[in-house]
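Report on one structure; see the data block that follows.
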Amino acid sequence: AQSVTQLDSHVSVSEGTPVLLRCNYSSSYSPSLFWYVQHPNKGLQLLLKYTSAATLVKGINGFEAEFKKSETSFHLTKPSAHMSDAAEYFCVVSQSGGGADGLTFGKGTHLIIQP
Amino acid sequence: SQTIHQWPATLVQPVGSPLSLECTVEGTSNPNLYWYRQAAGRGLQLLFYSVGIGQISSEVPQNLSASRPQDRQFILSSKKLLLSDSGFYLCAWSGQPRDEQFFGPGTRLTVL
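Just so you know, the sequences run in chain order G and B. Counting in the numbering used here, the first sequence runs from 2 upward without gaps. Counting in the numbering used here, the second sequence runs from 1358 upward without gaps.
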């Protein structure tokens, strides 16, 4: 079985400061991992994905995430927050046999950017 | 490039009325298709998925149903809406079950 835990339901940072959104996963096999972003009343947009290549993955809008197998983590970071980054972020794990559709979504982290 | 459409964007319906939400995908063939519901302040709940025409799998028992009459068309329906059916409905597609999914813009459903 697989699972994903987003450790913070809300994160608040000031504009221009670093962002860290934490995600831990549990997987019996080598997983694929994704981060999605959702702005209010919009669909989810893929930020980045890890599929067993480089452990440091760069995504859109300056975000990146590092796959750490020993810590079973896939934290999302950005060096400098922008007001437009305010949104809901979802960590997702995928593995073969992990479920009907193979994807398990975290409950989301709401990112707040203070001016 | 691939695009995914959903309509309507918003919908307000009385309790007990029928429902039909439509999702279409362009630019790909034989996609895996998914319907999710997102209740206020909560994560995503997978409702249905389909690996091909006429092939529907349900994840959660409810008064909703899904159909896939064409390769790139996915429809979510209900004969009688409940208050608890209110939420944000998202359609998504993927190339393979384990791949990343690409989401449509969503439909905001309010049942009164």
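Here a beta-carbon is modelled for each residue, glycine too, at the ideal position from N, C-alpha and C.
Which term fits G/Pro-32, buried or exposed, when burial requires 16 or more other beta carbons within 10 angstroms of its beta carbon? buried
What residues from the region 1441–1469 of chain B come within 9 Å of chain G, judged by C-beta to C-beta, listed N to C? Phe-1445, Leu-1447, Cys-1448, Ala-1449, Ser-1451, Gln-1453, Pro-1454, Arg-1455, Asp-1456, Glu-1457, Gln-1458, Phe-1459, Phe-1460, Gly-1461, Pro-1462, Gly-1463 and Arg-1465
Could you name the residues of the same chain whose beta carbon sits closer than 7 Å to that of G/Leu-57, not counting the 5 residues immediately before and after it, in chain order? Glu-65 and Glu-67
What are the boundary residues of the beta strand (DSSP E) that includes B/Tyr-1406? 1401–1409
Can you give the Cα-Cα distance for G/Thr-110 and B/Ser-1377, rounded to whole angstroms? 31 Å
With 16 as the cutoff for other CB atoms within 10 Å, does G/Gly-107 come out buried or exposed? buried
First and last residue of the uninterrupted beta strand (DSSP E) at G/Ser-74: Start and end: 74–79.
Got a sec: is the Cβ-Cβ distance from B/Gly-1384 to anything in chain G below 8 Å? no
Going by C-alpha to C-alpha distance, which of G/Phe-35, G/Ser-74 and G/Val-14 sits closest to G/Ile-61? G/Phe-35
Looking at chain G, is there any beta carbon in it that lies within less than 8 Å of the beta carbon of B/Leu-1433? no
For B/Leu-1421, the nearest candidate out of B/Leu-1440, B/Val-1408 and B/Lys-1436 (CA to CA): B/Lys-1436
Listed by chain order, chain B residues near G/Tyr-59 by CB distance under 9 Å: Before going on, a small fix: residue 59 of chain G reads as Lys here, not Tyr. The contacting residues do not exist; G/Lys-59 stays about 15 Å from chain B at best.
Of the residues that make up the region 32–60 of chain G, which ones have a beta carbon closer than 7 Å to any beta carbon in chain B? Ser-33, Phe-35, Asn-42, Lys-43, Gly-44, Leu-45, Leu-47 and Lys-50
With 8 Å as the threshold, decide whether the Cβ of G/Leu-21 is near any Cβ in chain B. no
Beta-carbon neighbours of G/Ser-95, restricted to chain B and to distances below 7 Å: What G/Ser-95 touches in chain B: Arg-1455.
At 3 residues or longer, what runs of the beta strand (DSSP E) sit wholly inside the region 1411–1457 of chain B? 1412–1415, 1421–1427, 1430–1435 and 1444–1451
Taking Cβ-Cβ distances shorter than 7 Å, what residues in chain G pair up with B/Leu-1401? Here the neighbours are Phe-106.
Okay, do the region 43–57 of chain G and the region 9–25 of chain G touch, 3+ Cβ pairs below 8 Å being the bar? no
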